[in-house]
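Residue numbers (the working numbering), protein chains in the order written: chain A, 25 to 455; chain B, 25 to 455; chain C, 25 to 455; chain D, 25 to 455.
Some notes on the structure that comes next.
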């Protein structure tokens, strides 16, 4: 907010509305260390917002330190101009942090993707074993989503990172005919976009960035949820990096709880409610500046953004140190005695006897295997229709998960290609 | 949480599980001023919750101050036992505060109700003038809702204010066969209800109180919303009590913004999203104790409860100092030139010419009044069907808002009767 | 709504406002089969609600069938009176259905509770094995929650199942001084509670029942979520009752997807958002009757209630036919080679060497077992501190899940006692 | 979904996986009129989704009508492939409809903007009169927001309108090594984007479009809310276009309720809850395909999208026929006796006596005007400091709203410029 006040004074000096010397004086007192935050906080309640006591303190500081210049403080602006622009400046910082975190998490995901590109893992649908996939493919799906988030963030910045400046009711009448001129200079000073007009009560920009963080957190939460399921005692395919004393139980000596994943999930769960609040609060503000909705944003948006950012960084750490238990990956693939390759057998058999006949026959075999508590492979080899068309060797080849990975490699390659070209572009952009 | 640890030690001493002297020693160190809160906070992240570092600090304090007793700290309990019971103890305090605030707000509403029982005010539906009501009746509807909230709060306390005590996974196995005995003694020590079993992952009790505060805030927000509409410049029927410097604008000298009402509305807007988070977070916790959902409660429930309580208290202040502009009440009733009594005329005319004919005829008159920019009374007196059945005097009587208030007085009396009997009961209950 | 119109006519006849013969005529046409629903639906949009075209059709029917009586239709009522009271009558039916469904689900849970009261199962916290519990205890926690829901439903009925009757703006002015008299007779006719005044824009009653269904669905969803986790291929402890062709995959012959559980979860996920909509929509209605909020209720509340009711019934079916795989229960208990009893060993060791020393020592043993890929029992027996204090037999006894169930039986008994006394009461109440 | 099945067969024929003649036969039966929808609906519950019975019916149709080809139906695809791609095809239609509706609403807003560019209206903040603006500027803010929505919609299409095709668990293993080749041909057939891999359980694309509609509805709701406030009896600045019989009350002859605006608000209120459901449901789907979350999307997304679209079209109608009462605009500006220009006087006075002195002095004058129930102009002219610096003429000029509109015209021009360049581009794009 102080950056706004200083820039406003400079901009108004540039266009000749206030004297340059006064602008300079104002700028010298726009330092947060000079302010009494306790008083700011206390006065905000009765004032209705934090800008009024902030401007009062700034005025007092200048009245004492550079008497005569205090009359030019906050010239022509309204409280919401400084609060909203201050928010936008903070959101800009936030986007830098998020861009870097996204960059890191993409790098880590790409590493995992390459490392496990050909490592078979159980593909699970409806929380049931489906067909084999590779762990790299599972990771690639997350990387692919993160690339979309990078794209979204890049797109919304032009819309969101813009100046708020309209004066009392959006006309900048307090600056006579020179409002737009000041606005333009002010946007330049702050290196923010210059909108056609102020957007005090049209807050789709603010909610758009809330949507972005919510979507991002959706992906972060989905990854954490999958990890939590893979970490179950019965699955045991991955675990969190160990930290000394982390995740212990106060009573159970053997426990090593996935505390990082729990904290990510705890964050992800809170986001949809916060976003719905942002929508209700921000989008229905009355007339030129509303009543209540804006106030409701103040605690909601920062909570949504920082919660998301924290969770994204925690996820990055979990992924970087992720412990993958190769034995469990393998033993889980074998857990159903080959059932996980029922589709593989069915597709090949379909070429011999037709799709529906094959599907029905293999379904019978799977049910027999289940009811007789026997192995799918054994039940299969006992089936005359199978014996007729396939040798034992052929069946064993079909039952090898590594032979039924379809286009996994091509897909991973596609995602990595997209990542690599994106990544280079990011490096070139700088900030 | 320290109250829980002290009471647990006492309870276990009572049933003979730990030595009484050790229980006493433990109790002496269960004082929050002895604890390093910064360390607590810092350790909570890696531990996954605040109970583990709290128990560690307590243990260290006792190891130093009463060596030998530290081994009995937190005996048989799990982290969630102490955190949840600590929460319940806080919620109990909260309910006391809310009972008092509700009591006060009901008193104020009852006063307003009596004071304005017969004062006509525009009844508004669809944000349009409908028929006259009394300001007392408008208030009575709010009082009636508050009485229901008092009733709800009284009912839920038996369900919500109960002990949490189950040990690692709810069996209290760490206490052998004596778990229930300890639980019973512990509930007595803390004066909490004793549930049949622990409820670590069945959190309907917690969400029930969140529902209560959400409903309460719904009413608080509705009252604030109506006040905000009555405070509009064009309506001007009520205003907030003035506070020195409150509600001023940084640029517009004439502004006196309804800052208290705005803060109530800002709070009310946030509640539905917080409640939806509570539902998602608390109700879907996995198995015996979940992953992530519990964590999401930690910031959400306190925010929901304290936001609601603050807003309720702000509302009480606004209502106590509410400035009612009698002139505006009257001039708004007259604003439509009698249209607000179109139903009154129509109902009486219906007895002469039938309901639908009367409705249609009066509708025509209202439209004529509108299109000819004339007064409804004048248009009515010019209508032959009216002339046939009514004298000018009769019409003027019909057009007096005070004559068309129906059962307002009886209804207000009914609400006040309910309030008075309830109120006495509350006073008798004490706490 | 037609029940309302018929009862209104009877009530007004009883108190002498309309002639009894006309009331009887009106009653004869209040039959939904006489109405053109297509026209009703089409006219609702332009009218703004369904009551206006309904009253129009009813009037036309009577004008034709019993000319002269049509003038007394809907006498003194407003659209919201008939729509809201119609809603309350439907909610009353809904509560009957829900009471029965709750009754059934409690019976089924009680049966499961008794059947599996002593059957050990893995207790899981943080999605990790914690300590053994019994399957009966897991069920008892759900039964306990359902008993609370029964209690809540019983409590809210007096508040929610009440008449709505206020006329244009709540004063019943259209009935002169006799509004309350009609209201009283009308409530009697409909066997609904009689509130002190109308509650057109104070809709906490409506949202209270939405909260009830949301809480109930929270429990239903939690049970379904646990079942879905127990049904995972790697866990395999329970499965849905088989239905012919149900849960098959279009491509994978071996798949038997938990479709009933998925549909319950799909329903549970939708509820928090619907409840937040109800709160926003219903609680902030302006003045005497609002604009938009009421409209938003119309699709939201029925969806919330019927979705919940359907899911509750689906859950009842799943629980009734639940297939429990005793072998998996047992083999999962053994999966960690005894680690699940680490607390049991630690608690007993604590009595010999102190709590913290015991916890630390057993933690070391568990880590050694893990790092050396050996069995916890073996690692334990190799530990000198253990050898010093315990015989092999004692250790084996400690490692038996059936010996570490704590107060499970007492807790189950407590829940069943509550169920049994409640259940009898329900039977006595009848409806 | 049938478009998907037909295109899949063609694509597989193109790459040589199934015979072209069979593909043609399949295509001939992919006509929705051949299907028994009642059976589809009934079978969906037990199957768990609608694709399985749809594929069954299609297979039966072909078995009868083109025997031999039925074995190639749905070859290699999974249920979610066809359901999701079917959804994307519907969403594409939806975006066309929305683009057109947005186009229309922008045209109408631009017309209003030009027509009322210089018409003064009260600018309102905190629901209080602030300073004058123009009605055109108020409209321009809405147009500006709609232009952003057009931009967002254009951006998201490339991400959202893409093929879903992954087979059982995303690997397309059922198509051997040729999965990507088929995917590519299939995307071409359907004119959809081709993603790097399937996105069965990474549903940010779906939630992104839900976010878009929610943001759009936020703006629609904000406009409707402002209109509803301007339509209040006491404000009376605008009204809905009259429709015969629309908006009447069942009891109050004079009522003309804003039914269209109420229906828009009723829709807008439901959206935040629906979006929060979409986030919870869609973003947390487990592993390769989830359990419950996908099911929860099925009713939620269509409701969100169609509700939004309907409301947008209703808004377009309201705006097209909007009745603006010029007299009310003017009389409301005069309602405060000039107070609305307090800032104007203060800013000019500031140049003479300093900003804070001016603000304080004018605040005193406004308070005196209020407490003495006199006119601001009169109070101002009685003030010696004013008399000293200004003539009566100068004061009267300052108190003319038309002289205190600041940069309104420039801002409107800016928005219209953006609209015009955008609009041309849209026309050029065609579809």
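We treat Cβ as the ideally placed atom computed from N, Cα and C, and that holds for glycine.
If contacts are defined as beta-carbon pairs under 8 Å, then residue i and residue j qualify, I think. What distance do you get, rounded to the angstrom?
i, j, result
"residue 36(D)", "residue 42(D)", "5 Å"
"residue 101(A)", "residue 177(A)", "Contact flag wrong, Cβ pair sits at about 29 Å."
"residue 466(B)", "residue 167(B)", "Residue numbering for chain B in the displayed model covers 25 to 455; residue 466(B) lies beyond these limits and cannot be assessed."
Does the separation of the CB atoms of residue i and residue j fall below 7 Å?
i, j, result
"residue 277(B)", "residue 380(D)", "no"
"residue 313(B)", "residue 209(B)", "no"
"residue 234(B)", "residue 302(B)", "yes"
"residue 340(A)", "residue 128(A)", "yes"
"residue 225(C)", "residue 309(C)", "yes"
"residue 87(C)", "residue 213(C)", "no"
"residue 155(D)", "residue 75(A)", "no"
Would you say residue i faces chain B, with C-beta separation under 7 Å as the test?
i, result
"residue 280(A)", "no"
"residue 76(A)", "yes"
"residue 226(C)", "yes"
"residue 277(D)", "yes"
"residue 367(D)", "yes"
"residue 489(A)", "The first residue shown for chain A is 25 and the last is 455, placing residue 489(A) beyond what the model contains."
Between residue i and chain A, is there a C-beta pair that is closer than 7 Å?
i, result
"residue 258(C)", "yes"
"residue 435(C)", "no"
"residue 452(C)", "Its pLDDT being 47, under 50, residue 452(C) is placed unreliably by the model, and the measurement read from it follows with that caveat. So, not an interface residue."
"residue 139(D)", "no"
Distance cutoff 7 Å, beta carbons only. Does residue i sit that close to anything in chain C?
i, result
"residue 252(D)", "yes"
"residue 267(D)", "yes"
Original post:
Residues in the region 142-159 of chain D with C-beta within 9 Å of chain B's C-beta atoms, listed in sequence order?
Top reply: For the region 142-159 of chain D, which is checked against every Cβ of chain B, the residues closer than 9 Å are 146, 148, 149, 150, 151, 152, 153, 154 and 155.
Subject >> Cβ contact check for the region 427-439 of chain D and the region 159-172 of chain D: 3 or more pairs under 8 Å >> reply: Note that the region 427-439 of chain D touches the region 159-172 of chain D; at least 3 beta-carbon pairs, one per stretch, sit closer than 8 Å.
Original post:
Mind listing which residues of the region 378-396 of chain A have their C-beta closer than 7 Å to chain C's C-betas, in chain order?
Top reply: Within the region 378-396 of chain A, contact with chain C at the beta-carbon level (separation under 7 Å) is assigned to 383, 386, 387 and 390.
Subject >> Under 8 Å (Cβ pairs) to chain A, residues found in the region 297-320 of chain C >> reply: So the list reads 297, 300 and 304, given in the order they occur along the chain.
Original post:
Is the region 131-150 of chain A touching the region 353-370 of chain A in the sense that three or more CB pairs, one from each, lie closer than 8 Å?
Top reply: The region 353-370 of chain A, when compared against the region 131-150 of chain A, does touch it at the 8 Å Cβ threshold.
Original post:
What residues in the region 321-346 of chain A have a beta carbon less than 8 Å from any beta carbon of chain C?
Top reply: Listed by position, the residues of the region 321-346 of chain A near chain C (Cβ gap below 8 Å) amount to none.
**OP:** Using a Cβ-Cβ cut-off of less than 7 Å, give me the residues of the region 396-409 of chain C that come near chain A, in sequence order.
**Re:** When CB distances to chain A are screened at a threshold of 7 Å, not a single residue of the region 396-409 of chain C falls below it.
Subject >> Contact between the region 278-290 of chain C and the region 240-259 of chain C (3+ Cβ pairs under 8 Å) >> reply: By the Cβ rule, the region 278-290 of chain C counts as touching the region 240-259 of chain C, because three or more pairs are nearer than 8 Å.
Subject >> Meets three-Cβ-pair contact criterion under 8 Å: the region 295-315 of chain D and the region 232-251 of chain D >> reply: The region 295-315 of chain D vs the region 232-251 of chain D: in contact.
Subject >> Chain-ordered residues of the region 227-247 of chain A with a beta carbon less than 7 Å from chain D >> reply: Listed by position along the chain: 228, 231, 232, 235, 238, 239, 242, 243, 245 and 246.
**OP:** With 7 Å as the C-beta to C-beta threshold (strictly closer), list the residues of the region 353-365 of chain D near chain C in chain order.
**Re:** Against chain C - using a Cβ distance shorter than 7 Å - the region 353-365 of chain D contributes no residues.
Original post:
What residues in the region 282-294 of chain D bring their beta carbon closer than 8 Å to a beta carbon of chain C?
Top reply: Listed by position along the chain: 282, 283, 285, 286, 287, 288, 289, 290, 291, 292, 293 and 294.
Subject >> Positions along the region 84-115 of chain C whose CB lies within less than 8 Å of some CB in chain D >> reply: Answer set for the region 84-115 of chain C: 98, 100, 101, 102 and 103.
Subject >> chain C contacts made by the region 178-210 of chain D, where a contact means CB separation under 8 Å >> reply: Taken in chain order, the members of the region 178-210 of chain D whose beta-carbon sits within less than 8 Å of a beta-carbon on chain C are 191, 192 and 198.
Original post:
Is the number of C-beta pairs between the region 187-199 of chain A and the region 306-322 of chain C that are closer than 8 Å three or more?
Top reply: No, the region 187-199 of chain A is not in contact with the region 306-322 of chain C.
Original post:
Using a beta-carbon distance cut-off of less than 8 Å, what residues from the region 51-81 of chain C approach chain D?
Top reply: Within the region 51-81 of chain C, contact with chain D at the beta-carbon level (separation under 8 Å) is assigned to 69, 70, 71, 72, 75, 76 and 79.
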